[in-house]
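Input: a single structure, listed below in structure tokens.
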Amino acid sequence: MAAVQTKPRRRPKLAVWKFSSCDGCQLSLLDCEDELLAVAEAVEIAYFLEATRAEIAGPYDVSLVEGSIGTLHDAERIKMIRKQSKVLITIGACATAGGIQALRNFRDVDGFIRAVYARPDFIDTLATSTAIQDHVKVDFELRGCPINKEQLLEVLNAFLNHRRPVVPPMSQCIECKMHGTVCVMVAHGTPCLGPVTQAGCGNLCPGHDRGCYGCFGPKETPNVAALTKQFAALGWTDAAIANALRSFNANAEPFRAEAQHRETPSQRVPS
Amino acid sequence: MDSNDNSNGTRHTVRRLDRNGLDALTAALQADGRMVIGPRVRDGAIVYDPLDGAGDLPWGLIDEQDGGRYRLVPGPDNAAFAHVVGPQSWKKYLYPARQTLWRGRRDGPRFSVEVPAEPTPRTAFIGVRACELAAMAVQDRVFGVRAHSGQSVGQQQYTDTGYAARRAAAFIVAVNCSRAGGTCFCASMGTGPKAESGYDIVLTELSDGGESVFVAEGGSEAGWALLDRLDAVPAGDGDIRAAERVVDATRAHMGRAMVPGVNRLLAENLEHPQWDAVASRCLSCANCTMVCPTCFCTTVEDTTDLTGEHVERWRRWDSCFTVDFSYIHGGSIRQGGASRYRQWMTHKLSHWHDQFGTSGCTGCGRCITWCPVGIDITEEARAIHDDCHRTDDAGTGRGG
Ligand code: SF4
Ligand code: SF4
Ligand code: SF4
């Protein structure tokens, strides 16, 4: 039995920041009910407006960043946060891929503004919604719309204990098989994004007889074109395929590229 | 004809069970304190789940299988075992997807490590097919339960004790296949469709239009003893001949076949353009390895709690289709889909022979059916085979 160091650690300072987003991912932290007290003991919550109005000045040991960059103000603010953060972790599809609001990247944003807002002149926005890593260096990206609270705890835990987070970039299919879930694509003919999507949700949709919607974004080395060819064989149109890829992770490159090919099939480079 | 002599000279009687007899068999196994596990319908497929009795079997259903396609449909007879293998294999029970290896805790200035000792459940597997018995024999070699002639000496020195205990605790009721599935190719791999060894009891279902009867034979002393306790009638000569005809008919109707000489063929074609061709279709999703009854690779995951006082090491199924799988100092060796598919297929069909002294593929067809895009290991082998033979004819062979 080796002796190990037992010096009590200084509680690291944690900040939670919000950009263009719905707050759902931050709420996953509050949703940790059972573990929340342990988190509050392990870290000093220095900035977390969803939980407390108290604000403790930086620098911060760990910053969790939710939301995408949608305005010039966002783009400036994230740089300030990066400067004050030793470790910066992005949480959720908005922060890691631009979110559902990145649908505007593929259309005329002024058209949307005129259609949606009574006073378009009040709206000040960039033409695109982009991921945090498009603007500053990110130390770890936690995927999901919303993120999985167990994965969030695992990532915090790993950073606090100086180890690698167990968040494998493998396919959702591996998760299905480890759960003993019957494949909805093979057994029911339901198109499923699981083979190109990173695992992490805890097997939600295939476990309930649905195809995967791709909430956790592209897995490592995704072959999206090969999967959508199978969707077409199962009867999906190019438009339906493009729509399926254009959800919470629409601006993640492998999904974006294939949706664009499906939207303008004539421009597809023959493979 | 209806008796077998065993080494002690005791005579055993082949029995004929009806549906009630099958129920009596499962009841006897349960009375022995075993969890009886067998095929039953869940979520549109036949999976291996606990059974209450023979009534839970998928009576009257067959499974249509093709590359990337599986559908349950009514069969011609009200048979219990007219289906073939489904998405799961017995690996699910013998080699669970997640296992805790050890737990550690900090005790003041020291730490302690504890290996969880969970009791091994006594099980009975009902409906085990010939290809699945072959797969268990393959994993027995991998996990050091059975000697082999391959070069992987480590496996002969070190036994996976958890696997060995679960294997020893399973009573096996095999079934000779009365129908071959669309993706089955056991006949060309020499593993089926007749169960030759590795079972306690083997059943052959006779279901000519009417109610099924089962010709039941022992494969071990425990199996014969259980059959004797069932108080079932002896099988007649006609039953035994009918059972042989059932297996012969199945052998003649295999959905697929592996090309001959595939071990050498693949070893000599590691740079064949077919690897890139399959990579353009392959999703690297790993379904093929997850459903394969012989695939055994795992990774370890370390977890801590927030205080850092407790740690755990887990072992979970992994796949040669992930990037991390081949990660060594400096990066992953198999970056592209071609090298990952090649690793998988050549291991199964070629260098498994060198390592463990057998093929790693039993011809169960699961990897074909459960590949979301229907990639077919027999077709991929055939493409290389046909190409070599075509170019051989032209005198510019790649060999093989
Ligand atoms: S249901 Fe979807 S995610 Fe699950 S194995 Fe099938 S294709 Fe993969
Ligand atoms: S062969 Fe099929 S199941 Fe296997 S990794 Fe490729 S796409 Fe997935
Ligand atoms: S490689 Fe395919 S056919 Fe062969 S044993 Fe594995 S799953 Fe079955």
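So the protein lines, in turn, are chains A and B.
Each residue of the first sequence is one higher than the one before, starting from 1 at the first, in the working numbering.
Each residue of the second sequence is one higher than the one before, starting from 272 at the first, in the working numbering.
Note that beta-carbon positions come from the ideal geometry of N, C-alpha and C, so glycine has one too.
These numbers come from a predicted model, not from an experiment.
Check whether residue i and residue j have beta carbons under 7 Å apart
| i | j | result |
| --- | --- | --- |
| B/ALA283 | B/ILE317 | First, the amino acid is wrong: residue 283 of chain B is His here, not Ala. Going by C-beta atoms, B/HIS283 is not nearer than 7 Å to B/ILE317. |
| A/ASN148 | A/CYS215 | no |
| B/ALA466 | B/LEU365 | no |
| B/THR640 | B/PHE456 | no |
| B/THR454 | B/GLN359 | no |
| B/GLU651 | B/VAL562 | no |
| B/ALA451 | B/GLY526 | yes |
| A/GLU154 | A/THR90 | no |
| A/ALA199 | A/GLN230 | no |
| B/ARG586 | B/GLN370 | yes |
| B/GLY264 | B/CYS642 | Outside the shown range of chain B (272 to 671) lies residue 264 of chain B, about which nothing can therefore be said. |
| A/ASN223 | A/ALA97 | no |
| B/GLY469 | B/ALA408 | yes |
| A/VAL16 | B/GLY339 | no |
| B/GLN614 | B/CYS591 | yes |
| B/ALA439 | B/ARG286 | no |
Inter-residue CB distance, residue i and residue j (contact presumed, cutoff 8 Å)
| i | j | result |
| --- | --- | --- |
| A/VAL87 | A/PHE159 | 6 Å |
| B/ASP411 | B/VAL444 | B/ASP411 to B/VAL444, Cβ: 18 Å. No contact. |
| B/ASN534 | B/HIS624 | 5 Å |
| A/PRO272 | A/LYS137 | Here chain A has residues from 1 to 271 only, and residue 272 of chain A is not among them. |
| B/LEU477 | B/VAL486 | 7 Å |
| B/LEU501 | B/ALA295 | 5 Å |
| B/VAL517 | B/SER603 | At roughly 48 Å, the Cβ-Cβ gap does not stay under 8 Å, so B/VAL517 and B/SER603 are not in contact. |
| B/GLY636 | B/MET460 | Their Cβ separation, rounded to whole angstroms, is 10 Å, which puts B/GLY636 and B/MET460 out of contact at 8 Å. |
| B/GLU580 | B/ARG376 | 6 Å |
| B/PHE442 | B/ARG305 | 6 Å |
Contact list for residue i against chain B, beta-carbon separation under 8 Å
| i | result |
| --- | --- |
| A/MET80 | What A/MET80 touches in chain B: nothing, since even the nearest Cβ is about 29 Å away. |
| A/HIS188 | GLY315 |
| A/ALA257 | Residues of chain B passing the Cβ test: none, with the nearest at roughly 16 Å. |
| A/ASN161 | THR575 and GLY579 |
| A/ALA38 | ASP576, LEU577 and THR578 |
| A/ASN157 | THR574, THR575, ASP576 and LEU577 |
| A/ALA226 | SER551, ARG552, CYS553, LEU554 and VAL644 |
Buried versus exposed call for residue i [16 or more other C-beta atoms within 10 Å across all chains shown]
| i | result |
| --- | --- |
| B/TYR598 | exposed |
| B/ILE655 | buried |
| A/LEU234 | exposed |
| A/SER28 | buried |
| B/TYR434 | buried |
| B/ASN291 | exposed |
| B/GLY666 | Per-residue confidence for B/GLY666 stands at a pLDDT of 44, beneath the threshold of 50, marking its modelled position as unreliable; the derived number appears in the next sentence. Answer is exposed; the Cβ neighbour count stays below 16. |
| A/ALA118 | exposed |
| A/GLU35 | buried |
| B/SER278 | Unreliable positioning characterises B/SER278 in this predicted model, as indicated by a pLDDT of 49, which lies under 50. The coordinate reading is nonetheless provided below. Counting Cβ neighbours within 10 Å, B/SER278 comes out exposed, since fewer than 16 surround it. |
| B/GLY398 | buried |
| A/MET80 | exposed |
| B/GLY671 | Residue placement at B/GLY671 is flagged as unreliable, the pLDDT there being 37, under the threshold of 50; a coordinate-derived value is accordingly withheld. |
| A/LYS13 | buried |
| A/THR264 | exposed |
| B/ASP276 | In this predicted model, B/ASP276 has a pLDDT of only 48, less than 50, meaning its place in the structure is not dependable; the value taken from the coordinates is given anyway. When all chains shown are included, B/ASP276 counts as exposed. |
| B/VAL473 | buried |
| A/LYS177 | buried |
| A/GLN26 | buried |
| A/LYS83 | exposed |
Proximal residues of chain A, C-beta to C-beta of residue i below 8 Å
| i | result |
| --- | --- |
| B/LYS363 | GLY180 |
| B/THR430 | None at all; the shortest Cβ gap to chain A is about 24 Å. |
Chain-ordered chain B contacts of residue i [CB-CB under 7 Å]
| i | result |
| --- | --- |
| A/ILE174 | ALA557, MET561 and SER590 |
| A/LYS177 | ASN558, MET561 and VAL562 |
| A/SER171 | CYS556 and ALA557 |
| A/ASN223 | CYS553, LEU554, SER555 and GLY608 |
| A/LEU193 | In chain order: nothing, as chain B lies at least about 10 Å away. |
| A/VAL196 | LEU554 |
Neighbour list for residue i in chain A, Cβ cutoff strictly below 9 Å
| i | result |
| --- | --- |
| B/TRP373 | Residues of chain A passing the Cβ test: none, with the nearest at roughly 14 Å. |
| B/GLU572 | VAL166 and PRO168 |
| B/ARG369 | MET178 |
| B/THR640 | VAL186 |
| B/VAL318 | GLY180 and VAL182 |
Listed by chain order, chain B residues near residue i by CB distance under 9 Å
| i | result |
| --- | --- |
| A/GLN151 | Correct list: empty, because the minimum Cβ distance to chain B is about 12 Å. |
Chain-ordered chain A contacts of residue i [CB-CB under 7 Å]
| i | result |
| --- | --- |
| B/ASP595 | PRO168 |
| B/PRO358 | VAL182 and CYS183 |
Report task. Please list the segments of the beta strand (DSSP E) lying wholly inside the region 295 to 334 of chain B, counting only runs of 3 or more residues, in order along the chain. Result -> You should have 306 to 313 and 316 to 321.
Query raised in the report: Counting only runs that start and end within the region 78 to 162 of chain A, where is the beta strand (DSSP E) found for 3 or more residues in a row?
Result: Listed in chain order, the complete beta strand (DSSP E) runs (minimum 3 residues) inside the region 78 to 162 of chain A are 85 to 91 and 140 to 142.
Query raised in the report: Which runs of the beta strand (DSSP E), 3 residues or longer, sit entirely within the region 557 to 594 of chain B?
Result: Within the region 557 to 594 of chain B, the runs of beta strand (DSSP E) that reach at least 3 residues and sit entirely inside it are, in chain order, 569 to 575 and 581 to 588.
Report task. Give, in chain order, every unbroken run of the alpha helix (DSSP H) that is at least 4 residues long and sits entirely within the region 445 to 491 of chain B. Result -> Secondary structure within the region 445 to 491 of chain B: the alpha helix (DSSP H) runs of 4 or more consecutive residues, fully enclosed, are 457 to 460 (chain order).
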